[in-house]
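Student: This structure is in C-alpha cells; I'll ask about it shortly.
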C-alpha cells in the first residue's frame, strides 16, 4: 500500500491545492465533511474586514466595501460549484432557516397538494423543518426512502407538493441518482428540493442542467467556510417571480431603504434575503471559496473517488478480521465523498484515533465516518489513517476508560 | 459651548472607556445606532478563533473551545445588559428570524386570540414579520401607535395575542414607557414582546423586573458586535416550557447528537436554537460585549442623556435660523440615545458631513439622525458635529451635485 499511495500522490494533478489550506502539521484531517479546514485566504481577508472595513470605514462599508451585495455575490460564487448560472443562489442564514423558507415557498407554489416527502434517513434538521412547515401549512410529511420513491409517486404523485432529499446519505456516504429522483418527482408535478450539505464542493453538481427547482446547503463542510458559515439557497430562475417565502425580512424588500411598512419583494433571488446577514462569517466564506479557483470539479471528483476507493482498499487489507464492515458503496457512481466503516466500538475508536492526530467522526451507534476533501488530502493521509486505526485496534488502546465517556459533541 | 463641552468631558467618569474602541483618528462617529464602532477586544479574539480554534483545533473546538455553548453564553452576557437573569437569553440568527419565532410562539401561547399588535412607526422588518406570522397563523395585524394602545386594549384587549413594540422610535429617538405599555398589554391577557434593537446597550433595561414576556434585538448597534452580528432572543423563564416556535432546527433538540428523526425540544431557552450559528460572528460579538465590563448602565444612561441634551442645546444655539427642527423629545425620560433633526436637505447634508468626517445617517424623507454611544463619544465630539453641520449649511457645500445623488445604502 505505501508504494501505491506514493504513486497515486505523485500522479495527482491537484496535489498543489493543499497549499491553499493551513493544516496543522502531523494531523490527518478526515472530518472536513463536518468542518472544513482553514483556507489560507481567510485570515488576511477577515483581518481586513474587521480592521479596515469595520474599524475604519465603519457604516460606509455597506456601500464602499459592497457588504450589501455580499449575499448575492457569495451566492453566485457557490453557484459556480453547483452548476447554477448567476442570479439563482443566495448565501446567508443557516441551512435550517433556508430550508424552512424553501419548503414553505414550495408549498405555496403547489397549492392543493398536501404531501411533503422526505427521507427517513435524512439529516434530522431536514426532518424537523419538514414537520414544522407541514404543521404551519396543514400538510403531511411522508418519510419515503429514495429507493421507494417510484412506488410512492406512482400511487400518490399528484398529491406531492415537494420532495426534499440529500444526494448523499450523511451517515453511509451513499450517493443517489439526482437526475432520476428529480425527474420522477417532477413528472408527478411536484417540486424537487435538494439539500446539498454533503455534496456542494465535493461533487460536480448540475442543478440548472437537471432542472432542479430548489436547493439549500451549508457553507462549513466541503466549502470550508468556517464554523457555522452561512448557508445557501438556490431558486431556479423560473420560480423566482412566484417565490413566496414564509419568513420575510427587510433585506428582501424591493426598496429596503424606502423603509415602507408593506412588503414588496425584490426581483430575482434577492427576494429570499431575510434580515441583516453576519458579514464577518459571510466574508470568511467568500475568501474560503477562492480555494476552488481554477479547480475542475470533474478532476476533484476523480481524486475524491481515488481517495475513498483507496481508503476502502486499505481497510480491506489492513483491517481484515478486526471487526470492521465497509458501509460506503464500492461502486463509484454510488459513493459520495466519505468512507464509512461499521464497528461496535466506533465511538471509542474515533476518540483514540484523534489522540493519534487522525481526526474523523462517528455517527451513533456504530459508524466511523471519514470525510474526504480532495482539495487538501493525499493518499498518504488515507494510508496513515487506516494504519493508525489498525494499530489502535490491535493494541486495544481505545479500551481505555477515557475514550469511553461521551462528550456533548463529537 | 466649547467651555461647557470641556467641563462636561473633564467631569465624565466614563471617559476612559473610549480606549476600549479602535476609532479612526479625526472621525466623529454618530452612527453607532446603525453599526457600532470596533471594540479593541475583537481583533485578537477573532484572530485566535480563526487561526487556533478553527485552523488548529478544527472540529474539536465545538467541545474544546466551547463553540457549542456560545449561543447561550453570549446570550447571558447580553442578558446582563437588559436586566435578564441567566438562562433566558440566546444569541444567534438575525433579528427578523428571532422575531418570527418569538411572534409565532406567542401566537401559540395565546390560542383563540386573533390580534397581533404592532406600531405603524415600527422598523419595517418588524411589520413584515408580523404580517408573515399573521398570514401563517390566520391572525390579523393591527398597527396601533403606542399612544393609542390604552384605547385599543380597552375595546379589544381580550382578542390580543401579542403586542410587539420598540421602546425607542428608530427615526425620532422617542422613548416609550416600557412599564406602562407592558402592564397595559398584560392586563388585557396579551403577551408583551419588545424589540430592543435601539435600546440594548444604550439604556438600562429591566426585562425581568417589568415582567416582560419576550424580547428580541440585534447585536450590531449599541452592542457593537460587528456588521450583521447575531441577534438575541429573550424568553422569560415562565414561558420556556411551553415555548413552541414555528421554525425548529437540530441545535434546539434535547439531544442534538442523538440525531433522532422526531423533534424533542431542549429544556430552557436553548430550545429556541435553530441551526448551526455563525461562530466567527458570534465570537466577535462576545468579545465586543467586554466593552461593557464593569460599566454601570445607570451611569452610561446619564452620560448618554448628557450627550444628546448637549447636542440639542448646541443645535439650538448654532443652527438657529438655518432651517432645522429638533425632533427628539427634550424631556430626558422620553429620549432614547439619539438626537434627530429635521431639514429638507437631510440627505445631502448627511453626505456632506461625512466628507468632513462627521458620520451620522438619515431617514427619508427629511430626518438627520445622530446616534450616541456613550461608551466612546465625548461632548467635544458632539460640539464638532454640530459646528461642522453649521459650516456645511452656511457655505452651502451640501448643494454640490455629488451629494444629491442617492446611493443604495446610507
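Protein chains in written order, with my numbering: chain A, 32 to 441; chain B, 32 to 441. Note that the Cβ used here is the ideal one computed from N, Cα and C, for glycine as well. Only a predicted model underlies this, so the values are computations on that prediction, with no experimental measurement involved.
With a threshold of 16 other CB atoms inside 10 Å of the CB of residue 365 of chain A, please say whether the residue is buried or exposed.
Tutor: Here residue 365 of chain A refers to the residue found at position 334 of the first chain. By the neighbour-count rule (16 or more Cβ atoms within 10 Å), residue 365 of chain A is not buried but exposed.
Student: Just tell me which of A:216, A:213 and A:310 has its CA closest to the CA of residue 260 of chain B.
Tutor: Within the second chain, residue 260 of chain B is the residue found at index 229, counting from 1. Per the Cα distances, A:310.
Student: Whole angstroms is fine: what's the gap from residue 342 of chain A's alpha carbon to residue 32 of chain A's?
Tutor: Position 311 of the first chain, counting from 1, holds the residue named residue 342 of chain A. Position 1 of the first chain, counting from 1, holds the residue named residue 32 of chain A. Whole-angstrom Cα-Cα distance: 10 Å.
Student: Consider the Cβ of residue 231 of chain A: report whether some Cβ of chain B lies at a distance smaller than 9 Å.
Tutor: As a position in the first chain, residue 231 of chain A is number 200, starting the count at 1. Not closer than 9 Å to any Cβ of chain B, the Cβ of residue 231 of chain A fails to qualify, so no.
Student: Exposed or buried, residue 368 of chain A, counting other C-beta atoms within 10 Å across all chains shown (16 or more means buried)?
Tutor: Residue 368 of chain A sits at position 337 when you count from the first residue of the first chain. When all chains shown are included, residue 368 of chain A counts as buried.
Student: Leaving out the 5 sequence neighbours to the left and right, which residues in its chain are closer than 7 Å to residue 238 of chain A when beta-carbon positions are compared?
Tutor: Taking the first residue of the first chain as 1, we reach residue 238 of chain A at position 207. If we look at residue 238 of chain A and ignore the five residues flanking it on each side, its Cβ neighbours are 113, 114, 115, 246 and 265.
Student: Take every Cβ of the segment 195-211 of chain A, pair it with every Cβ of the segment 381-401 of chain A, and state whether three or more of those distances are shorter than 8 Å.
Tutor: As far as the Cβ criterion goes, the segment 195-211 of chain A touches the segment 381-401 of chain A, which means the pair count is three or higher.
Student: With DSSP run on the structure shown, which of helix, strand or coil describes residue 250 of chain B?
Tutor: Start at 1 with the first residue of the second chain, and residue 250 of chain B comes out as number 219. Coil.
Student: Should residue 139 of chain B and residue 226 of chain B be called a contact, given that it needs their Cβ atoms to be closer than 9 Å?
Tutor: Position 108 of the second chain, counted from the first residue, corresponds to residue 139 of chain B. Position 195 of the second chain, counted from the first residue, corresponds to residue 226 of chain B. The answer is no: Cβ separation not under 9 Å.
Student: Specify, as a first and last residue, the run of the alpha helix (DSSP H) that residue 339 of chain A falls within.
Tutor: Locating residue 339 of chain A in the first chain gives position 308, counting from the first residue. Per DSSP, residue 339 of chain A belongs to the alpha helix (DSSP H) from 328-349.
Student: Give me the residue from A:182, A:192, A:110 and A:119 with the minimum Cα distance to residue 148 of chain A.
Tutor: Mapped onto the first chain, residue 148 of chain A falls at position 117. It is A:192.
Student: Does the beta carbon of residue 249 of chain B come closer than 9 Å to any beta carbon on chain A?
Tutor: To locate residue 249 of chain B, count along the second chain from 1; it is residue 218. It does: the Cβ of residue 249 of chain B has a partner Cβ on chain A nearer than 9 Å.
Student: Can you find the residues in the same chain that come closer than 6 Å, C-beta to C-beta, to residue 216 of chain B, ignoring five residues on each side of it along the sequence?
Tutor: Within the second chain, numbered from 1, the residue matching residue 216 of chain B stands at position 185. Counting only Cβ-Cβ distances below 6 Å, and skipping sequence neighbours, we find 194 and 223.
Student: Within this structure, are the beta carbons of residue 384 of chain A and residue 390 of chain A separated by less than 9 Å?
Tutor: In the first chain, the residue the question calls residue 384 of chain A occupies position 353. In the first chain, the residue the question calls residue 390 of chain A occupies position 359. In contact: residue 384 of chain A and residue 390 of chain A (Cβ atoms closer than 9 Å).
Student: Could one say the Cβ of residue 212 of chain B lies closer than 9 Å to chain A's Cβ atoms, at least one of them?
Tutor: On the second chain, position 181 is the one that residue 212 of chain B refers to. Output row for residue 212 of chain B: interface = no.
Student: Near residue 68 of chain A, what residues of its chain come up, given a Cβ to Cβ distance below 8 Å and the 5 sequence neighbours on each side ignored?
Tutor: Taking the first chain and counting its residues from 1, one reaches residue 68 of chain A at position 37. Result list for residue 68 of chain A: 52, 53, 54, 60, 255, 404 and 407, in chain order.
Student: Buried or exposed for residue 324 of chain A, going by 16 or more other Cβ atoms inside 10 Å?
Tutor: Position 293 of the first chain, counting from 1, holds the residue named residue 324 of chain A. By the neighbour-count rule (16 or more Cβ atoms within 10 Å), residue 324 of chain A is not buried but exposed.
Student: From residue 109 of chain B to residue 263 of chain B, what does the alpha carbon distance come to, in whole angstroms?
Tutor: Position 78 of the second chain, counted from the start, is the residue given in the question as residue 109 of chain B. Position 232 of the second chain, counted from the start, is the residue given in the question as residue 263 of chain B. Spanning the two alpha carbons is a distance of roughly 8 Å.
Student: Between which two residues does the beta strand (DSSP E) holding residue 222 of chain B run?
Tutor: Taking the second chain and counting its residues from 1, the one referred to as residue 222 of chain B is at position 191. Residues 222-226.
Student: Answer yes or no: does any C-beta atom of chain A fall closer than 9 Å to that of residue 243 of chain B?
Tutor: Locating residue 243 of chain B in the second chain gives position 212, counting from the first residue. Residue 243 of chain B does not count as touching chain A.
Student: So if I threshold CB-CB distances at 7 Å, which residues from the segment 45-58 of chain B count as touching chain A?
Tutor: The segment 45-58 of chain B vs chain A, Cβ under 7 Å: 53 and 55.
Student: Going by C-alpha to C-alpha distance, which of A:434, A:410 and A:85 sits closest to residue 42 of chain A?
Tutor: Position 11 of the first chain, counting from 1, holds the residue named residue 42 of chain A. When each option's Cα is compared against that of residue 42 of chain A, the closest is A:410.
Student: Considering residue 124 of chain A, what are the terminal residues of the alpha helix (DSSP H) in which it resides?
Tutor: Translated into the one-based positions of the first chain, residue 124 of chain A becomes position 93. Where residue 124 of chain A is concerned, there is no enclosing alpha helix (DSSP H), given that its DSSP letter is neither H nor E.
Student: Going by beta carbon distance, what residues of the same chain come within less than 8 Å of residue 171 of chain B, once the five residues before and after it are set aside?
Tutor: Residue numbering aside, residue 171 of chain B sits at position 140 when the second chain is read from its first letter. Contacts found: 145, 146, 147 and 165.
Student: Could I get the ranges of all uninterrupted alpha helix (DSSP H) runs contained in the segment 226-312 of chain A, with 4 residues as the minimum, in chain order?
Tutor: Those alpha helix (DSSP H) runs which fall completely within the segment 226-312 of chain A and span 4+ residues are 238-241 and 268-271.
Student: Does the structure place the segment 276-285 of chain A close enough to the segment 86-101 of chain B that three or more beta carbon pairs sit under 8 Å?
Tutor: Result no; under three Cβ-Cβ pairs closer than 8 Å.
Student: Please compile the residues from chain A whose C-beta is within a distance smaller than 8 Å of the C-beta of residue 82 of chain B.
Tutor: Locating residue 82 of chain B in the second chain gives position 51, where the first residue counts as 1. In chain order: 53, 69 and 74.
Student: Residues in the segment 368-382 of chain B with C-beta within 7 Å of chain A's C-beta atoms, listed in sequence order?
Tutor: The residues in question: there are none.
Student: Residues of the segment 392-418 of chain A in Cβ contact with chain B at a cutoff of 8 Å, in chain order, please.
Tutor: Here the close residues are 392, 394 and 395.
Student: Return the chain-ordered ranges of every alpha helix (DSSP H) run that is complete within the segment 163-210 of chain A and spans a minimum of 4 residues.
Tutor: 180-187, all fully within the segment 163-210 of chain A.
Student: Which of the three DSSP states, helix, strand or coil, is assigned to residue 369 of chain B?
Tutor: One-based indexing of the second chain puts residue 369 of chain B at position 338. Strand at residue 369 of chain B.
Student: Can you list the residues of chain A that residue 321 of chain B reaches, using a CB-CB cut of under 8 Å?
Tutor: On the second chain, residue 321 of chain B is found 290 positions in, with the first residue counted as 1. The contacting residues do not exist; residue 321 of chain B stays about 15 Å from chain A at best.
Student: Grouping DSSP H, G and I as helix and E and B as strand, with all else coil, what is residue 325 of chain A?
Tutor: Your numbering for residue 325 of chain A matches position 294 in the first chain. Coil at residue 325 of chain A, not helix or strand.
Student: Examine the Cβ distances between the segment 121-130 of chain A and the segment 296-304 of chain A and report whether three or more of them are shorter than 8 Å.
Tutor: Yes, since at least three Cβ pairs between the segment 121-130 of chain A and the segment 296-304 of chain A fall closer than 8 Å, the two stretches touch.
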